[in-house]
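A.B. asks: Protein chains in written order, with the working numbering: chain Z, 41 to 261; chain H, 7 to 470.
Here's a structure for you.
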Amino acid sequence: MRILIVEDDKALVRGLSASLKAMGFAVDHELDGAEAASIAISEPYSLLVLDLGLPNSSGFEVLRQVRASGSKVPIMILTARDATADKVKGLDLGADDYVRKPFDLSEFEARVRALVRRGQGRTDPLLTCGSLAIDPAMGRATLGDKPLDLRRREMAVLKILMLHHDKLVPKDRLIAEVFGFDEPVGPNVLELYIARLRQKLGADGPRIRTMRGLGYLLEGH
Amino acid sequence: MARRQPSLKTRFLLGLLVPVSCVAIAVAVGGSLVISHVVEVTHDRLLKGSLLAIAERLAVDDGEITVDLPRVALGMLETQSDDSIFYRVSLDGQTVTGYEDLPLPRSATIAPERPTFWDDNYHGNAVRIAAISRHVYGINKPVLVAVAETEHARHQLWREMIRELALAEIVLLSVVAVLTWVAVERGLGPLAQLKRQIDRRGITGSKDFQPLDLHLVPKEALAPARAINELLDRVSFATQILRQFTADASHQMRTPLAALRTHLDLLKRRLAGSSEMTQMVMEVDAQVVRLDRMISQLLTLARADEDALVRSPAERISLVTKAKQILALRAQSAAARNIELQLEVEQDEMYVEANELLIDEIFGNVIDNAIRYGPAGGVVIARLSRDGASAVVDIEDDGPGIPPTERQKVFERFYRIARADGPDGSGLGLSIVRVLLDRMSGSVELGEGKRLGGLRVTMRFHLA
Numbered sequence: 041m042r043i044l045i046v047e048d049d050k051a052l053v054r055g056l057s058a059s060l061k062a063m064g065f066a067v068d069h070e071l072d073g074a075e076a077a078s079i080a081i082s083e084p085y086s087l088l089v090l091d092l093g094l095p096n097s098s099g100f101e102v103l104r105q106v107r108a109s110g111s112k113v114p115i116m117i118l119t120a121r122d123a124t125a126d127k128v129k130g131l132d133l134g135a136d137d138y139v140r141k142p143f144d145l146s147e148f149e150a151r152v153r154a155l156v157r158r159g160q161g162r163t164d165p166l167l168t169c170g171s172l173a174i175d176p177a178m179g180r181a182t183l184g185d186k187p188l189d190l191r192r193r194e195m196a197v198l199k200i201l202m203l204h205h206d207k208l209v210p211k212d213r214l215i216a217e218v219f220g221f222d223e224p225v226g227p228n229v230l231e232l233y234i235a236r237l238r239q240k241l242g243a244d245g246p247r248i249r250t251m252r253g254l255g256y257l258l259e260g261h
Numbered sequence: 007m008a009r010r011q012p013s014l015k016t017r018f019l020l021g022l023l024v025p026v027s028c029v030a031i032a033v034a035v036g037g038s039l040v041i042s043h044v045v046e047v048t049h050d051r052l053l054k055g056s057l058l059a060i061a062e063r064l065a066v067d068d069g070e071i072t073v074d075l076p077r078v079a080l081g082m083l084e085t086q087s088d089d090s091i092f093y094r095v096s097l098d099g100q101t102v103t104g105y106e107d108l109p110l111p112r113s114a115t116i117a118p119e120r121p122t123f124w125d126d127n128y129h130g131n132a133v134r135i136a137a138i139s140r141h142v143y144g145i146n147k148p149v150l151v152a153v154a155e156t157e158h159a160r161h162q163l164w165r166e167m168i169r170e171l172a173l174a175e176i177v178l179l180s181v182v183a184v185l186t187w188v189a190v191e192r193g194l195g196p197l198a199q200l201k202r203q204i205d206r207r208g209i210t211g212s213k214d215f216q217p218l219d220l221h222l223v224p225k226e227a228l229a230p231a232r233a234i235n236e237l238l239d240r241v242s243f244a245t246q247i248l249r250q251f252t253a254d255a256s257h258q259m260r261t262p263l264a265a266l267r268t269h270l271d272l273l274k275r276r277l278a279g280s281s282e283m284t285q286m287v288m289e290v291d292a293q294v295v296r297l298d299r300m301i302s303q304l305l306t307l308a309r310a311d312e313d314a315l316v317r318s319p320a321e322r323i324s325l326v327t328k329a330k331q332i333l334a335l336r337a338q339s340a341a342a343r344n345i346e347l348q349l350e351v352e353q354d355e356m357y358v359e360a361n362e363l364l365i366d367e368i369f370g371n372v373i374d375n376a377i378r379y380g381p382a383g384g385v386v387i388a389r390l391s392r393d394g395a396s397a398v399v400d401i402e403d404d405g406p407g408i409p410p411t412e413r414q415k416v417f418e419r420f421y422r423i424a425r426a427d428g429p430d431g432s433g434l435g436l437s438i439v440r441v442l443l444d445r446m447s448g449s450v451e452l453g454e455g456k457r458l459g460g461l462r463v464t465m466r467f468h469l470a
């Protein structure tokens, strides 16, 4: 669950990062347009937040390159421009949403959730797997009727496993989706989160299976 | 003392009339000399005739000189004027007959048989005297015959001729003056036209910097007209720069504003519970919203100045439908201040040809103002009616209104009415309304609402 913010205003990036991290996303930030396009194509992002006025390359150009590569990542344009022509151009080039600066933070967050959800091919805002449910909007997980107290990173790992339940999630993919570029990832850090999750899910919850040398799998039943 | 503006007409007139007058004076001087000469020659010829007639009648009778003075000799000199004729025949200084005291020529030697003329004075009268010296058979000395005539007829003739000359010159000068005036007036006609062309540019609200049409401009005025075109070009460029700057600046301000607002939102979440701090954050938040609104309005103005927005495709828009839509969009903000919105439609189905965005912006600004500045719990009425070829939209509220002295000023950009209790505005809303309506050849004016007693904003649109 990583989000790439392509924006050259650092103060805005800090604010957005704070909000997105609190939502459980790992956040990467890039201010150079050309660089942003290549990262966006190679890394498994859940969402691209794209400013139109960038140094070196316009946001439209990034958009064109990302879509030309065949990437289906959801893209939100976040810009000061409010001319209809810009909106039409952005959406026609393959953006999924267009948000004008300044914006209301809660609306931005709701749009992020919606875009991420649609990117995962879901329409139900709730993530469920057996008796386990996660409400991304509230940032709350429940097991049966009981609330489950999860740390931010634990929640992120669990969300990914739930999205792909009953399927193998390779370890490097899990790491790539949970951690941003500038976050140090120790060799055993993932094992640590998995261990904690198993402990919190207990015997009643879904089981996380380790497939040595491959990755993890969340069993629905 | 203020210097008078130089006038081309005066210059042309002076330039022509002064030389023409000089010529006229020269003609007058020359003419009077010629006239004097002609008068003298003519009258001298008559005088000479009389003189010769007398001289012909000289005879010697018994060694005595006799003159058989013919009536005709003196009759020749009789004119309508009351000139007097005098004569004297003398021999060797002794008068033979005639007036003894008639002056003789000062020079003693008079060429024989050649009449001599001179001016003299006789009994206080200016006279012209002709004299001839003649040899008469039987007398060994020449006989001197002199005829004098007073000069009334001469002077009269001279005066008449001079008068006619002067009259002719006055007529000539007047004709020249009138013709010059007419010619200058016609010649300057294209300048007046040029002035009208220039006047059409820069009318309030209009940003027409089209170059002047130089086809009809006379060659002589081409240089200034070209200079004006260059100036128009530069003004147009400068306006464009300003417009672009406004647009760019507004855009640039939005990003920091977005950052500010994002952090504020984050802060609000942290502060949940601490009411005093929340209050302060809310204040900051309200100012951010206000700044955002101002930036949006600045952008609208910058775009309204561009022709692109106005020239963008016009559609046939039903004002009634539009008004309903826009009021519906404001229902929430009106409800928040407990304001009742009412729509009164006196004339169904009024259509205007306009860009929909412009109509949205115009209506939106006026209604927003009514909702923002009207008292909480008040009423806002939008009334649509028809007046000839115009659709009239009145927006009335029951707020404090705007005093007549301020009604023009509020259309100026950034002008705000000083009010202790009112909300802070950007001072741009009404200027946007006016600029956009100007662009659509509509109009807007402020007055006092008859029914609610607050402000009434009356907008007129051309019906499609």
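Where a beta carbon is used, it is the ideal one built from N, C-alpha and C, also for glycine.
Cβ closer than 8 Å: which chain Z residues qualify as neighbours of H:Leu277?
C.D. replies: Within 8 Å Cβ-Cβ: nothing; H:Leu277 doesn't reach chain Z, min ~14 Å.
A.B. asks: Whether or not the region 427-444 of chain H and the region 329-339 of chain H are in contact is what I'm after, with contact meaning three or more pairs of Cβ atoms, one per stretch, closer than 8 Å; do they touch?
C.D. replies: These segments do not touch.
A.B. asks: Can the beta-carbon of H:Arg120 be found closer than 8 Å to that of H:Leu64?
C.D. replies: Result no, Cβ atoms of H:Arg120 and H:Leu64 do not sit closer than 8 Å.
A.B. asks: Can you give the Cα-Cα distance for H:Leu108 and H:Pro118, rounded to whole angstroms?
C.D. replies: Rounded to whole angstroms, H:Leu108 to H:Pro118 spans 20 Å at the Cα level.
A.B. asks: Does H:Asp374 have its Cβ less than 8 Å from a Cβ in chain Z?
C.D. replies: Output row for H:Asp374: interface = no.
A.B. asks: Can you tell which of Z:Ser146, Z:Ala150, Z:Asp137, Z:Ile200 has its C-alpha closest to the C-alpha of Z:Thr168?
C.D. replies: Taking only the C-alpha atoms, the option nearest Z:Thr168 is Z:Ile200.
A.B. asks: With H:Ser27 as the anchor, note down where its alpha helix (DSSP H) starts and where it stops.
C.D. replies: Segment 14-62, the alpha helix (DSSP H) holding H:Ser27.
A.B. asks: Can you find the residues in the same chain that come closer than 7 Å, C-beta to C-beta, to H:Asp354, ignoring five residues on each side of it along the sequence?
C.D. replies: So the list reads Val326, once near-sequence residues are dropped.
A.B. asks: Against H:Ala264, what residues of chain Z qualify as contacts under a CB-to-CB distance less than 7 Å, listed in chain order?
C.D. replies: By Cβ distance, chain Z contributes Leu52, Lys141, Pro142, Phe143.
A.B. asks: With DSSP as the reference, identify every bridge partner of H:Glu127, one or two as the case may be.
C.D. replies: A quick correction: the sequence has Asn, not Glu, at residue 127 of chain H. H:Asn127 is bridged to H:Ala132.
A.B. asks: Report the residues of the region 99-123 of chain Z with a CB closer than 9 Å to any CB of chain H, ordered along the chain.
C.D. replies: Those would be Leu118, Thr119, Ala120, Arg121, Asp122, Ala123, in chain order.
A.B. asks: Going along the chain, which unbroken runs of the alpha helix (DSSP H) with 4 or more residues stay wholly within the region 133-164 of chain Z?
C.D. replies: Correct list: 145-159.
A.B. asks: Do you know offhand how far Z:Ala80's Cα is from H:Gly384's?
C.D. replies: Taking the straight line joining both Cα atoms gives about 54 Å.
A.B. asks: At least one CB of chain H closer than 8 Å to the CB of Z:Leu56: is that the case?
C.D. replies: True, the Cβ-Cβ gap to chain H drops below 8 Å.
A.B. asks: Flag this pair as yes or no: are the beta carbons of H:Ile60 and H:Val142 separated by less than 8 Å?
C.D. replies: Not a contact, by the Cβ cut-off of 8 Å.
A.B. asks: Taking 8 Å as the limit between beta carbons, can you name the residues of its chain near Z:Arg192, skipping five residues before and five after?
C.D. replies: Contacts found: Lys61, Ala62, Gly64.
A.B. asks: Comparing the C-beta of H:Asp430 with each C-beta of chain Z, is any distance below 8 Å?
C.D. replies: No, H:Asp430 lies away from the interface with chain Z (no Cβ there is under 8 Å from its Cβ).
A.B. asks: H:Leu53 and H:Val153: beta carbons closer than 8 Å?
C.D. replies: Result yes, Cβ atoms of H:Leu53 and H:Val153 sit closer than 8 Å.
A.B. asks: Along the chain, where does the alpha helix (DSSP H) that runs through H:Pro230 open and close?
C.D. replies: Counting along the chain, the alpha helix (DSSP H) containing H:Pro230 begins and ends at 228-277.
A.B. asks: What residue does the alpha helix (DSSP H) around H:Ser449 start on, and which one ends it?
C.D. replies: Not the alpha helix (DSSP H): H:Ser449 falls in the beta strand (DSSP E), residues 449-454.
A.B. asks: In chain order, what are the residue ranges of uninterrupted beta strand (DSSP E) at least 3 long that sit wholly in the region 120-196 of chain H?
C.D. replies: Complete beta strand (DSSP E) runs here, min 3: 122-128, 131-140, 149-156.
A.B. asks: If you scan the region 341-412 of chain H from start to end, which runs of the beta strand (DSSP E) of 3 or more residues do you find wholly inside it?
C.D. replies: Within the region 341-412 of chain H, the complete beta strand (DSSP E) runs of at least 3 residues are 346-351, 357-360, 385-393, 396-403.
A.B. asks: What does Z:Ser146 reach in chain H if we use C-beta pairs closer than 8 Å?
C.D. replies: By Cβ distance, chain H contributes Asp271.
A.B. asks: What did DSSP end up calling Z:Tyr39 once you bin it into helix, strand or coil?
C.D. replies: Nothing can be reported for residue 39 of chain Z: it is not among the residues displayed for chain Z, which extend from 41 to 261.
A.B. asks: Based on the DSSP secondary-structure assignment, which residues constitute the bridge partners of Z:Pro224?
C.D. replies: According to DSSP, which records beta bridges pairwise, Z:Pro224 is partnered with nothing at all.
A.B. asks: Can the beta-carbon of Z:Gly220 be found closer than 8 Å to that of Z:Asp68?
C.D. replies: For Z:Gly220 and Z:Asp68, yes; Cβs fall inside 8 Å.
A.B. asks: Output, in chain order, the set of chain Z residues within a Cβ distance shorter than 7 Å of H:Asp298.
C.D. replies: In chain order: Pro142.
A.B. asks: Can you look up Z:Ile200 in the DSSP assignment and give me helix, strand or coil?
C.D. replies: Z:Ile200 falls in the helix class under three-state DSSP.
A.B. asks: Taking a contact to mean a Cβ-Cβ separation below 8 Å, would you say Z:Leu118 touches Z:Val89 in this structure?
C.D. replies: Cβ distance < 8 Å, so Z:Leu118 and Z:Val89 count as in contact.
A.B. asks: Can you pull the DSSP bridge partners for Z:Ala173?
C.D. replies: Partner(s): Z:Thr168, Z:Thr182.
A.B. asks: What residue from H:Gly55, H:Ser242, H:Ala320 has the CA that sits closest to H:Leu363's CA?
C.D. replies: Nearest C-alpha to H:Leu363: H:Ala320.
A.B. asks: Identify, in the order they occur along the chain, each residue of the same chain with its Cβ nearer than 6 Å to the Cβ of H:Phe467, setting aside the five sequence neighbours on each side.
C.D. replies: Excluding residues within five positions, the ones whose Cβ falls inside 6 Å are Val358, Ala397, Gly448.
A.B. asks: Across the region 164-176 of chain H and the region 30-37 of chain H, are there enough close Cβ pairs to call them in contact, namely three or more that are closer than 8 Å?
C.D. replies: Yes, the region 164-176 of chain H touches the region 30-37 of chain H.
A.B. asks: Tell me, to the nearest whole angstrom, how far the beta carbon of Z:Leu44 is from that of Z:Ala74; I am working on the premise that it is less than 8 Å.
C.D. replies: With a Cβ gap of about 14 Å, Z:Leu44 and Z:Ala74 do not count as contacting.
A.B. asks: Is any beta-carbon of chain Z found at less than 8 Å from that of H:Val439?
C.D. replies: So, not an interface residue.
A.B. asks: Taking the alpha carbon of Z:Leu52 as the point to measure from, which residue in Z:Leu103, Z:Phe148, Z:Asp222 has its own alpha carbon closest?
C.D. replies: Cα-wise, what sits closest to Z:Leu52 is Z:Phe148.
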